[in-house]
Amino acid sequence: KSFCENKMKPITIVIGEDHSLVREGVKRILEEFNDFQVVGEASNGQSFLDLIKSKNPEIAIIDIRMPILNGVEVLQDLKKNEPNIRTRGLILTAFADDEYILDAMEAGAAGYLLKSVEPNELAEAIRTVHQGESVLDPKISLRLARIWNEKRRGNLKKTTGIESLSTREVEVLKLAIKGLRNKDIGVELIISVRTVEGHFNSIFNKLGVSSKIEAVLLGVAFWHNTSVEN
Numbered sequence: 012k013s014f015c016e017n018k019m020k021p022i023t024i025v026i027g028e029d030h031s032l033v034r035e036g037v038k039r040i041l042e043e044f045n046d047f048q049v050v051g052e053a054s055n056g057q058s059f060l061d062l063i064k065s066k067n068p069e070i071a072i073i074d075i076r077m078p079i080l081n082g083v084e085v086l087q088d089l090k091k092n093e094p095n096i097r098t099r100g101l102i103l104t105a106f107a108d109d110e111y112i113l114d115a116m117e118a119g120a121a122g123y124l125l126k127s128v129e130p131n132e133l134a135e136a137i138r139t140v141h142q143g144e145s146v147l148d149p150k151i152s153l154r155l156a157r158i159w160n161e162k163r164r165g166n167l168k169k170t171t172g173i174e175s176l177s178t179r180e181v182e183v184l185k186l187a188i189k190g191l192r193n194k195d196i197g198v199e200l201i202i203s204v205r206t207v208e209g210h211f212n213s214i215f216n217k218l219g220v221s222s223k224i225e226a227v228l229l230g231v232a233f234w235h236n237t238s239v240e241n
């Protein structure tokens, strides 16, 4: 959607966070942007799940650690029981939560940001997720890549398929690792967004993954391991 359309019809957002100070802070930040509309907030996972089901917002900002139901359980319930809910989940997390983030990824979360994120970065992430893309804070990608690889229990160099990527596909993936959106990758490489999307489809097939976040995690782990070995 264009910015003009967003001004006419703001992106609807709900916030799930058990710490009132953080919740209020996020709400106030979002209210500074005229293309966002906070339509509800909740302090525990069950209330948050009920809120999402009743409001069906476009974006849910989710704290992982919440009473009654945690953020992962909220996502899992939506994925299993609410196929008509359009809401995309954006995890706002602390470093201590990274072991839960992989479960959140499997449950369908579209993005992961640290709670130390700058207001403009949060706003841009919301817009990115709203447009159907995914977001992974570069500051936590290496940690997540290590945990994800341990969970997969594979020999990374033999199983990733990274070495089968074309030169252009490597360029695209490395820019994604830096946090660039498809549009920005296109600008950087002087190619269309559709061409970028085509490269990602090829990357997903070669790596045996189904999302940009998974591809980024594989790339981060592979190139980090390679640089360490070299």
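Using this note's numbering, the letters of the sequence shown correspond one by one to residues 12 to 241.
Idealized CB from N, CA, C, for every residue including glycine.
Residue i, buried or exposed, once every other Cβ within 10 Å from all chains shown has been counted against 16
i           : result
residue 68  : buried
residue 243 : Residue 243 lies beyond the range of the chain shown here (12 to 241); nothing can be said about it.
residue 166 : Any reading at residue 166 must be qualified, since the residue scores a pLDDT of 49, below 50, and its modelled position is unreliable; no value is offered.
residue 30  : exposed
residue 56  : buried
residue 27  : buried
residue 201 : exposed
residue 95  : exposed
residue 160 : buried
residue 155 : buried
residue 77  : buried
residue 32  : exposed
Three-state secondary structure (DSSP) of residue i
i           : result
residue 51  : strand
residue 224 : helix
residue 151 : helix
residue 85  : helix
residue 122 : strand
residue 22  : strand
residue 97  : coil
residue 240 : Model confidence at residue 240 stands at a pLDDT of 49, short of 50, so the residue's coordinates are unreliable; what they give is reported in the following sentence. Note: residue 240 maps to helix in three-state DSSP.
residue 128 : coil
residue 80  : coil
residue 27  : strand
Proximity test, Cβ basis, 9 angstroms: residue i and chain B
i           : result
residue 198 : No chain B is present in this structure, which holds just one protein chain.
Closer than 8 angstroms: residue i CB and nearest the ligand NAD heavy atom
i          : result
residue 82 : In terms of ligand content, the structure shown is empty, and the ligand NAD therefore cannot be addressed.
Residues of its chain near residue i, where Cβ-Cβ distance is below 6 angstroms and the 5 sequence neighbours each way are ignored
i           : result
residue 134 : 44
residue 105 : 126
residue 49  : 24, 38, 41
residue 6   : Nothing about residue 6 can be read from this structure; the chain reaches only from 12 to 241.
residue 102 : 73, 115, 120, 123
residue 21  : 46, 47, 48
Cβ-Cβ distance between residue i and residue j below 9 angstroms
i           : j           : result
residue 152 : residue 231 : yes
residue 139 : residue 97  : no
residue 86  : residue 70  : no
residue 123 : residue 147 : yes
residue 121 : residue 84  : no
residue 51  : residue 62  : yes
residue 194 : residue 181 : no
residue 58  : residue 79  : yes
residue 141 : residue 183 : no
Own chain partners of residue i with C-beta closer than 7 angstroms, once the 5 adjacent residues on each side are dropped
i           : result
residue 116 : 224
residue 186 : 196, 199
residue 208 : 193
residue 220 : 226, 229
residue 175 : 217
Cutoff 8 angstroms; reference residue i; Cβ partners in own chain excluding five residues on either side
i           : result
residue 119 : 86, 89, 90, 100
residue 222 : 116, 145, 215
Exercise for the section: Enumerate, from N- to C-terminal direction, the unbroken alpha helix (DSSP H) stretches of 4 or more residues contained entirely within the segment 30-74. Expected result: 31-42, 56-66
Problem - Those runs of the alpha helix (DSSP H) which lie wholly inside the segment 171-221 and span at least 4 residues - result: 178-188, 193-200, 204-218
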